[in-house]
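Chains as they are written, first to last, in the numbering used here: chain A, 9 to 368; chain B, 2 to 254; chain C, 9 to 288; chain D, 29 to 457. This report refers to the structure that appears directly beneath it.
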Amino acid sequence: MLQKENEISVLIENSRLLSPNGMNEFIRKLSAYYEVYAPIKGEKLVVFEKVENPQDIAWDYETTQISPKKFLHKPFEILFSFEDGGKIINENKDVVEKSQILLGLHPCDVRAIEILDKVFTKRYEDPYYMKRRKNSIIIALTCSDAHEACYCTSFGTGPRIDSGFDLLITTLGGNYLVEIGSARGREILSRYADALSTDSSILMEYHRLKNAKLEIIENKISSKMDTEDIAELLEQNINHPLWENLKEECLACGSCTIVCPTCYCFTIIDKVDLTLKSGERQRVWDSCMLLEFAEVALGVNFRSERAARIKQRVYHKLYSFEHQYYIRGCVGCGRCIRFCLKKIDPRKIIAELRGEPIEQ
Amino acid sequence: MKKPTVGIFKFTSDAGCQLQILNLEKELLELLKLIDIAYFPMASRNYGKGPFDIGFVEGAVTSTEEIIKIKEIREQCRILVALGSCACYGGIASIKNHKPQRELEERVYTDLTAVHSTKAYGIDQYVKVDAYVKGCPIDKNEFVEVVKSTLMEIKPNLRPHSVCVECKLREYPCIFLTEGKVCMGPVTSAGCGALCPSKHRACEGCRGPASDPNTSSLARTMMEYGLTPEEVRLKFIKYAGETQAFKEGAGVR
Amino acid sequence: MSSSNPYMPSMVKIIDVTEETKDTKTIKLTFVDDEVRNKFSFKPGQFNMLTVLGVGEAPLSISSDPGEKEYFSHTIRRVGNVTGAITKLCVGDTFGARGPYGNGWPMDKIQDKNILIIAGGIGLAPLRPVIYSIKNERENYGKMEILYGARTPGDCLYRREYDEWKKIPHTRLLLTVDSVPEGMEWEHDVGVVTLLFDKISLNPTETAVLICGPEIMMKFSVQKLLEMGFKDKDIYLSMERRMNCGISKCGLCQIGPKFVCQDGPVFSYFELCNLTEKIF
Amino acid sequence: MNEKKIKVDYMARVEGEAALDITVSNGEIVDLKLNVFEPARFFESFLIGRKFDEVPEIAARICGICPVSHILTSIQAIEDALEIVPSGETMRLRKLLALSQWIQSHTLHTYMLALPDYFGYQSVLDMIPEHRELVEQALRLKRLGNDLTVAIGGREVHPVTPVVGGFTHVPPRDVIKDLIKRFKEARKDAQNMVEIAAQIELPDFTRDFEYVALTSPPQEYPIISGFIASNKGLKFKKNEYRKNIHEVHVSHSNALHSFVKGRSSFMVGPLARVNLNYDLLAGEARRAAERNGLKFPSMNPFYSIPARAVEVVHSIETCIDLLEDLKLKAEQIPAVPKDGTGFGIGEAPRGLLYHSYKINKKGEIVEADIVSPTAHNAFNIENDLKEFVPKFISLPKEEIQLKCEMLVRAYDPCFSCSAHFLKINIRER
Ligand SMILES: Cc1cc2nc3c(=O)[nH]c(=O)nc-3n(C[C@H](O)[C@H](O)[C@H](O)COP(=O)(O)OP(=O)(O)OC[C@H]3O[C@@H](n4cnc5c(N)ncnc54)[C@H](O)[C@@H]3O)c2cc1C
Ligand code: SF4
Ligand code: SF4
Ligand code: SF4
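Below is the structure:
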């Protein structure tokens, strides 16, 4: 892979090696200037949270329940407030002024942000998302392992990644290989980090190690989704009996969509205080799996059938996104499988539509 | 403008929902600027006569006297709100509906000929209900939301989707998946902020069924997690065993 | 945040209210801010998001003549929170609006064709600007026939304007109602709107059809039109789906890969019947 | 014949539904009935067959006013049956939870249910315009009690964290720190409460009754453990409850009449507790009582009102100590089902509460026996009234009514829970 002379020199030029201490120091310094968020080990789960102490970072985490999209598109957000008499106060306390660093995103989550970027900029720019997006520095993290729910290789969204980040960290033998992905990344690295080594042969060795690590992970991801001609497949199977069968299983609980890093649907609601006149306009994540999602006045519901909602989720990800944004809406992070009580699995859905035996 | 008059009525219940109203220490004085509580025996000797603009009814209907009383109250109230799972579904009191009547009575009554307790139902078994505030007990904030929207003459924004959504939005780890605690959240109506899972307790379904609840599917999962059919049945016949959805869940063998 | 925030409504003021039916009003509005007013223009079939602070937002078609620059209007049926709150307001009151959104009727594509307008109930609202546009530029279009159905005579919108519409050259107006309450006079048809189809005089191959109404009415209309030889590419429908943002962000209004708020609300039947999601 | 009927059809500012019927003939009471018509909810029946770990949750729904007491007492009974010994930390958390409810409940009762009588109002709502500060003080104190319940239990009414074996969740340190600060600030409000309670003019009425409460000398003022004792020489352990306390069913009421075996009715509640355990009160509480001229023991049932205020001072001091001692580790001793019978006893805000269960080896409930404080008090209230009413029988009817209500309210009865466990006759009317 790393053959051409100039490619190698670019690679080396863009790489640094940090020791554990060096990394901690780097993060500590970053914390002084930015809000730094990273995967932190909680009681039961790893959660993206503000870093209090670099030692708390779970470098080898599998996945999080809620993806880092929450730092750009908030689960609850105030769009604006208003006062008695209808005066709109054009302020948004929630939007960060201080830049934030999103550290430790796995490749799939980085790709998911690229997808959200398209959603929130096409035609109309969403000012809330964009303000945060522009203020966010992304420090990606190569995965340490693959879980049986992972299928990023089916979409080319992982475990290798070569863009979409400002820095990319790979943990290797106790040290940290840091690759630069943008001018901003280069700047913060040179300003706040002391490299353990810039020696090209050492760095080359680490790149070889990284490559080996990625190969192991890639090989481990055995359960894939066959995405070839998936659009045609879906177009032809709108009435496949599978959808009716899924209806019996799916709890319509909505978990799969809330945990999905590319789901973005939201509802807007007004909340007034006890004056009944002043209040806030808020937005809250919504989900197409929920009955009320497509309900309009007088009780009409365009997707009252659970099967229709299940289809909407699958079709939106694997079909509609491509029409809407010229990109697939799934990054294969596997969250919807892990956090589904019924273990409903898009890979199996596609396999079944193809009439393939369902592998375990 | 005259403040709307409010009546708060009690049927068969433990008064917990009424207490939740009194627990609105921070909002109570503000609320009283908006409404005139004309009937609230738990707090006042004033027995205001109807008609009332809004009636809040706590408790299940469990006797012939109460059936008559709820109909009278309906007549007196322009808007009638069921307060808490007892009034919405029969609540805890409705557990008795699922026991053989004889077994139940023999344990409590000495004189069987005198029994006149009816099955415990939510008030909409007998009268039209305009709004429901679910929960055992009600969530105070939801109560305030209902009061506010009633005063503004709009429908309150109370989403009846699963509790799971609230768990996920607030990033509580799913205790069903992480701790194997059998949880009613996937079929239970949200609004409590996933209180129980947030405290490492399984949701017990106190708010009754969510919208489009797949109780049969959940019942099957519960059994996969080791519950016996009887244990599953008991889970579904606790707070809202009279609802169609929970009945279905209770019946899965 | 800059004023280019698309979620931020501008204030509009009610300058006139017309009671159309017992649950529907036409409200004439003008933007309070001069700059916003001068910048605002719309195409027939587009809609605004109307806001009542504290209550919410709802998509509503603009129902006035696009040639009018000083004001625009909405015809609003009271069915819920926002529509209920707006229909309670009086002349001089203000609330919020942002827009216009959506593609509108394909006025360019249908030039030189005959125009068949089929509307049911409140569905006439987004078609009224079409009628006015055609009136204003009569020479650009072929013959026009308007088929309108409502529940009862009292539920017909814009009754005062029918005579004026009939006077538009080469224009026919056909009305029908589901039922006529006792004691009420009604000289037109009784029955569902598709019953009027026998009276259509326009040649199916040279006619563009614009339909808006309840889904069920649209469904049977399309079926019958296809039978009559109208082409699926010439049949246009204005679709309704739940909307929260109007700018293809909230995700609520999708039909298959289409956003009703941006790709629509107007679609040709050809587009719709090839979607991955059934429409009706 | 000079017969007078006094009826209070619907008792206000008490929890649940009860009425009072008094028939007086020639200045003598010929009939007096406290009629609890709160409908029965069959708790005893539907607990049968439920798994032991569901019981506290269901038992909580006996009473929405003191759910904490029911939860804690039922947990205690189950743990007793399963031979689980809770840890010190768990006991501290439980005591805090119980005291949080005392504070909440006593404040609610004193300011919102009792005070309007003595200030001449129909309700606390009517007091707001002229006594806003007092009302705000009450709300503040009540909120503090509630916030402690929420911090430890998760919710004011029907807390969710207490379970057999311990707690599923403990609050974070900063919440506790904040609470300690607020409890210290609340000392002033509590002192005020004693002052107000001492100032109101209570009816001058004493009766020689027996009062019963837990006692656990020499260490501490009783909350959730101890012996059951009385001023007339009772002293027994919780598993001997049924040997000492008996019940008789009276036809006019849905509430049973509890009495001490071989004797008569008895009082439970704050006055019984303070009377019996005065020396174990926190120093602050005793000093507050003395400063305001309150003297215990008292044989005036109306003295329950100042007793509550004194208990609030005591609770605040105890809570501060307990909060400062917390380790804040959620512990839950695993429970293994086995055959057995267990007993639970506790001091609810309104007095002694008793739960007992028989459990089979699958962990299912076979038998349940629950007696709530109001069930304990009901008979005593009737006996009080019988002596109280003749003292002012010549007054106008409305005044008699009010005075009777005031006496009943002094007990802060909670009729829903008193009616839950009775073997009752309901006659078709
Ligand atoms: C493109 C378009 C044009 C429309 N034009 C008109 C018109 O000219 N006149 C008219 O009377 N009605 C029109 N409607 C329908 C109108 O949007 C609904 O009646 C209105 O949203 C109901 O809102 P509500 O708050 O009163 O009802 P509620 O039931 O209280 O609805 C709450 C919220 O749900 C959403 N919602 C509910 N119903 C609908 C719906 N049918 N479509 C989209 N969102 C909905 C809105 O965000 C609304 O605020 C149009 C709908 C669409 C999609
Ligand atoms: S697929 Fe799974 S997570 Fe998604 S709604 Fe269905 S049951 Fe819930
Ligand atoms: S804990 Fe219960 S409510 Fe929460 S996500 Fe899991 S199953 Fe749903
Ligand atoms: S989580 Fe379930 S049981 Fe707990 S409060 Fe919410 S609805 Fe009730």
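Each residue gets a CB set at the ideal place from its N, CA and C atoms; glycine is no exception. Small disclaimer: the values here were computed from a predicted structure and weren't measured.
{"Check": "Looking at the C-beta of residue 357/A, does it have a partner C-beta in chain B at a distance below 8 Å?", "Outcome": "no"}
{"Check": "Does the distance between the C-beta of residue 195/B and the nearest non-hydrogen atom of ligand 4 fall short of 7 Å?", "Outcome": "yes"}
{"Check": "Which bits of chain C does residue 4/A rub up against, with CB to CB less than 7 Å?", "Outcome": "Any answer about residue 4/A is impossible in this case: the structure gives chain A only from 9 up to 368."}
{"Check": "Residues in its own chain within less than 6 Å of residue 125/D by CB, not counting five upstream and five downstream?", "Outcome": "96, 180 and 181"}
{"Check": "Can you check which of these residues, 287/D, 210/D and 395/D, is closest to residue 238/D by C-alpha distance?", "Outcome": "287/D"}
{"Check": "Would residue 63/A be called buried (16 or more neighbouring beta carbons within 10 Å of its own) or exposed?", "Outcome": "exposed"}
{"Check": "Ligand 3 and residue 257/B: does any heavy atom of the ligand fall closer than 7 Å to the residue's C-beta?", "Outcome": "Lying before the first or after the last residue shown, residue 257/B is absent from chain B, which here runs from 2 to 254."}
{"Check": "Distance check for residue 313/D and residue 113/B, CA to CA, integer angstroms please.", "Outcome": "In this predicted model, residue 113/B has a pLDDT of only 42, less than 50, meaning its place in the structure is not dependable enough to derive any value."}
{"Check": "Report the CB separation of residue 44/A from residue 109/A in whole angstroms; it is logged as a contact under 8 Å.", "Outcome": "5 Å"}
{"Check": "How close, in whole Å, do the beta carbons of residue 54/C and residue 108/C come, if the pair is a contact with beta carbons under 8 Å?", "Outcome": "4 Å"}
{"Check": "Nearest CA to the CA of residue 417/D: which residue from 235/D, 272/D, 141/D and 364/D?", "Outcome": "235/D"}
{"Check": "Which one of 5/B, 250/B and 157/B has the shortest CA to CA distance from residue 54/B?", "Outcome": "5/B"}
{"Check": "Taking only beta-carbon positions, decide if residue 110/C is within less than 8 Å of chain A.", "Outcome": "no"}
{"Check": "In the stretch 68-101 of chain A, which residues sit with their C-beta less than 7 Å from some C-beta in chain B, listed in chain order?", "Outcome": "73, 74 and 83"}
{"Check": "Looking only at its own chain, which residues have a Cβ that is under 8 Å from the Cβ of residue 24/D, when we skip the five neighbours before and after it?", "Outcome": "Absent from the structure is residue 24/D, since the part of chain D shown begins at 29 and ends at 457."}
{"Check": "Do residue 160/C and residue 185/C have their beta-carbon atoms positioned less than 8 Å apart in this structure?", "Outcome": "yes"}
{"Check": "According to DSSP, which residues form a beta bridge with residue 24/A?", "Outcome": "186/A"}
{"Check": "Is there at least one Cβ from chain B nearer than 8 Å to residue 86/D's Cβ?", "Outcome": "yes"}
{"Check": "Taking 7 Å as the line, does the beta carbon of residue 177/B fall inside it for any heavy atom of ligand 3?", "Outcome": "yes"}
{"Check": "What number of angstroms, rounded off, separates the C-alpha of residue 135/B from the C-alpha of residue 84/B?", "Outcome": "7 Å"}
{"Check": "Select from the stretch 29-62 of chain C all residues with a C-beta closer than 8 Å to any C-beta belonging to chain B, and list them in chain order.", "Outcome": "62"}
{"Check": "Show which residues of chain C have a CB atom less than 8 Å away from the CB atom of residue 273/A.", "Outcome": "258, 259 and 260"}
{"Check": "Would you mind reading off the limits of the beta strand (DSSP E) that contains residue 374/D?", "Outcome": "368-376"}
{"Check": "Does the stretch 298-317 of chain A come within contact of the stretch 108-126 of chain A, defined as at least 3 CB pairs closer than 8 Å?", "Outcome": "no"}
{"Check": "Find out if the Cβ-Cβ distance for the pair residue 199/B, residue 240/B is shorter than 8 Å.", "Outcome": "no"}
{"Check": "What does residue 87/C reach in chain A if we use C-beta pairs closer than 7 Å?", "Outcome": "305 and 306"}
{"Check": "Would you say residue 151/A faces chain B, with C-beta separation under 8 Å as the test?", "Outcome": "no"}
{"Check": "Less than 7 Å separating the Cβ of residue 205/B from some heavy atom of ligand 4?", "Outcome": "yes"}
{"Check": "Nearest to residue 287/C by alpha carbon, out of 183/A, 290/A and 302/A?", "Outcome": "302/A"}
{"Check": "Excluding five sequence neighbours on each side, which residues of the same chain lie with their C-beta closer than 6 Å to the C-beta of residue 384/D?", "Outcome": "105, 371 and 397"}
{"Check": "Give the list of continuous alpha helix (DSSP H) stretches no shorter than 4 residues that lie fully inside the stretch 200-241 of chain A.", "Outcome": "208-228"}
{"Check": "Compute the minimum distance between the beta carbon of residue 169/B and the heavy atoms of ligand 3, and state whether it is under 7 Å.", "Outcome": "yes"}
{"Check": "Kindly identify the DSSP beta-bridge partner or partners of residue 89/A.", "Outcome": "97/A and 288/A"}
{"Check": "Just checking residue 190/D against ligand 4 - is the residue's beta carbon closer than 7 Å to any of the ligand's heavy atoms?", "Outcome": "no"}
{"Check": "At which residues does the alpha helix (DSSP H) containing residue 162/D begin and terminate?", "Outcome": "160-181"}
{"Check": "Does the beta carbon of residue 165/B come closer than 8 Å to any beta carbon on chain D?", "Outcome": "no"}
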